[in-house]
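Going letter by letter, the sequence shown gives residues 1 to 717 in full-length UniProt numbering. Even for Gly, the Cβ is constructed at its ideal location relative to N, Cα and C. Keep in mind that this is a model prediction, so the values were computed, not measured.
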Amino acid sequence: MPPTPIPIPHFAETQLQLLLSEHEAEVSSSKLASTAASVSPQTRRTLQATGSALTGLVLSQCRTGLGGRVVGEFTPDPAITSEECRAADGTPRFSAHGLRVGDVVRVNDVATGGKKGGKEKEKDSGKDGKGEKGGPEGVVTRTSERAVWIAFGQQGGGGRSREDDEAVEELWGKKLWAIKLANDVTYRRMRQTMEKMAKMADSDYSHFMRVAFGHTTPLQPDEEAAGPVEFIDPTLNDSQKDAIRFALASQDIALIHGPPGTGKTHTLIELIMQMVRRKKRILVCGPSNVSVDNIVERLAPNKVPVVRIGHPARLLPSVLEHSLEVLTQTSDAAGIVKDVRKEIDEKQASIRKTRSGRERRGIYDDLKQLRKEFRERESKCVDNLVRESSVVLATLHGAGGHQLKNQKFDVVIIDEASQALEAQCWISLLGAEKVVLAGDHLQLPPTVKSTGQKSKEAQPKGQTEDSIFDKEMLKGVSLERTLFDRLLALHGSGIKRMLTTQYRMHEKIMRFPSDELYEGKLIAGEAVKSRLLVDLPYEVEGTDDTQEPLVFWDTQGGDFPEKAEDDEMSKKGLLGDSKSNEMEALVVARHVETLVDAGIRPESIAVITPYNGQLALLSRMLREKYPGLELGSVDGFQGREKEAVVVSLVRSNEQHEVGFLGEKRRLNVAMTRPKRHLCICGDSETISRGSSFLKHWMDFLEENADLRYPDAGDLLE
């Protein structure tokens, strides 16, 4: 039976309403976080622990970046950096934080937070672009353990103003902290794309659009047109080769399903190389800068002409040399912008030497003109560079930038497609004829803050309950439902190929997710199937922990109760109704201690939990003692891996409520991060009542893990 077609304008209008709710939720949570500037240093530290802020900063350097923007380099304040957070040479380092490339942040002065009254604060939050505390806003362009780089200026083009320059200048010599804000650029580009889609006439729809909304079925793969495949990478396994052949032969849509550790990106690199051989022009996108840079980094050694739109996340020369930022300085076309850049930098430096207000204003006005000229020249240079490239890479929202206007591609490839909002994908897909989506719909979808809205079928404007385009027609249209998921449900597994050999986990760690979620099809690669912590390439003592891949600390019995967060953070709404479990946190801390005592380096261990309240508690217990230890939320750890992972499940109550632990995709992420050792801490009595999936998991752990029962009295000694 052919799929029921979804009316494209109504899909777009529904998405617009859902996106508006989501943006409002994001902005209001940013406002909540902004008010935290007026509270204690402890609150700022908790915001850092939950991934929303970075504290203890000083501005150490400024330079001119892409588009004439000022890029500030922020380093840890040496006056407050503890000994544990210093490198061997004494250089201050940041402790763990959640700021990532692409995040929009405001940089606040610690000294002014909380001193302003309501009216003055209101005045500050006006339209001067500086925000409630007068701090400038920018985008994180790079991070390392020793510095964070932030590009300041109006988001989404338009350059910078004198007020922006002055706000950045005011940061010199001050104690600073940075807070994440809602990303208006991404929202604006998604909204513009959905508005455009809503207005398209039937004749404007591409074949791919018709396939994507069920108006027609996918064409049969054409293996003859793809030609014989001579693989470049000799290490590819059979499932990877099968996925590549399928994607090359596909005429409109191919899904590559990559469960954890199965070499999805590795497969995409070969696919891109094969397409370049066939003289195809390819746009490669991902939802985050990291996902895109990962591909640039792996493509770079293959001498393919690539251009990376946006800011690369790492300082690796192989990545940087392909970024527009560097190409506009090093390519043949670079000469046309070099002299203006030099003049801007000289003017910038002269500001701090000038005491006269009038002279400073004159310099700011000169800078404005120079930046305008810089942008015009740079725009020509960028256009030439992009046009000459076989492979262009950008984040999904970056694909909506002016650099790609009027550019045509034979194929669009989206990596991590199951972590992107569908509206975000369409930014790069409106003109696409052939699309390859790679991802894993059985891991977490993109984070949606407007939880009250996500399952609601929004009514398009002018539609009534009994409209022909009502609930049945738009069933399943929500922000959490990704394009990957929707296409799979629409056209079935015939459009998908799954990678089946995983190269991350010990066989025992892999077994449960494979059986429960991946139809028992996962195979552990020979090199990983039996490796343990004791086999690490440095000295590790053979103990019950280092020789055991799977440990379960079962806290059943009521001595390890959860509690709802009731501290200052929750009163401000920053941790919501998050849960914590102090006794369980002690079990986690004890387990980490025994691993470290056996010789495991803290850098090889991650502690993750689904609850921000528990994360804040664990951070207070462990961060100072083990600065190299990674602490994070389960959601934030997606796509990552460590030699050893300790998971704190938190929930333990007489009502046997498990909350969002019932989301199997979240638990799939939690249990598939480790390579050699997975330790679960939780109350089997509470957890097993949550769902049949959770019951099966608890039964599996009881049967297959090294089962342990902690003693509450012993932990409190």
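Under the DSSP assignment, Ala-226 falls in the alpha helix (DSSP H) whose first and last residues are 223-226. Relative to the Cα of Gly-398, the nearest Cα in the group Arg-341, Ser-478, Thr-193 belongs to Thr-193. Here Ile-269 really is in contact with Ile-295; their C-beta atoms are around 7 Å apart, less than 8 Å. Non-local C-beta neighbours of Lys-405 in its own chain, meaning closer than 7 Å and more than five positions away in sequence, are absent.
In this structure, the straight-line span from the alpha carbon of Gln-407 to that of Leu-385 is close to 12 Å. Residue range 357-387 is occupied by the alpha helix (DSSP H) that includes Asp-365. Take the alpha-carbon of Lys-241 and the one of Val-307: they are about 26 Å apart. Thr-14 sits in a helix when the DSSP states are folded into three classes. A distance below 9 Å separates the beta carbons of Ala-226 and Ala-249. Per the coordinates, the alpha-carbon of Leu-622 lies some 48 Å from the alpha-carbon of Arg-360. Every beta strand (DSSP E) of 3 residues or more that sits fully in the stretch 580-667 is shown, in chain order, as 605-609, 630-633, 642-648. For Val-435, no alpha helix (DSSP H) segment is defined; the enclosing uninterrupted segment is the beta strand (DSSP E) at 435-439. A contact between stretches requires three or more CB pairs, one per stretch, nearer than 8 Å, and the stretch 134-145 fails this requirement with the stretch 202-218. Three or more Cβ pairs closer than 8 Å define a contact, and the stretch 475-485 falls short of that threshold against the stretch 54-73.
The three-state reading of DSSP puts Arg-146 in coil, since its state is none of H, G, I, E or B. Beta-carbon to beta-carbon, Leu-517 and Ser-428 are separated by about 29 Å, too far to satisfy the 8 Å threshold. Rounded to the nearest angstrom, the Cβ distance from Val-148 to Leu-99 is 6 Å, consistent with a contact under 8 Å. A contact is defined here as three or more CB-CB pairs under 8 Å, and the stretch 702-712 fails this definition with respect to the stretch 274-293. In the three-state DSSP reduction, Ile-344 falls in the helix class (H, G or I). Pro-602 sits close to Val-592, with the two beta carbons spaced by under 9 Å.
Boundaries cannot be given for Gln-556, as no beta strand (DSSP E) includes it and DSSP labels it neither H nor E.
In the same chain as Leu-490, and ignoring 5 residues on each side of it, the C-beta atoms closer than 7 Å to its own belong to Pro-3, Gly-214, in chain order.
Annotated as proximal: Glu-584 and Ser-652, with beta-carbon spacing under 9 Å. With contacts defined by Cβ atoms closer than 9 Å, Ser-323 and Gly-102 do not form a contacting pair. The alpha-carbon separation between Phe-560 and Pro-627 amounts to approximately 27 Å. Around the beta carbon of Tyr-611, 16 or more other beta carbons sit within 10 angstroms, so the residue counts as buried.
Note on the stretch 679-703: there is no whole beta strand (DSSP E) run with a minimum of 3 residues. Judged by DSSP in its simplified three-state form, Ser-21 adopts helix. DSSP places Met-498 within a strand segment (E or B) once states are collapsed to three. Between Thr-609 and Val-634 the beta-carbon gap is near 7 Å, inside 8 Å, which marks them as a contact.
Among the bridge pairs identified by DSSP, Asp-109 is matched with Leu-176. Per DSSP, the beta-bridge partners of Leu-57 are Pro-76, Leu-176. Three or more beta-carbon pairs separated by less than 8 Å are not found between the stretch 334-344 and the stretch 437-453, which leaves the two stretches without contact. Rounded to whole angstroms, the gap between the alpha carbons of Pro-513 and Leu-479 is 25 Å. Rounded to whole angstroms, the gap between the alpha carbons of Gln-42 and Arg-375 is 42 Å. In the DSSP assignment, Gly-713 falls within the alpha helix (DSSP H) that extends over 712-716.
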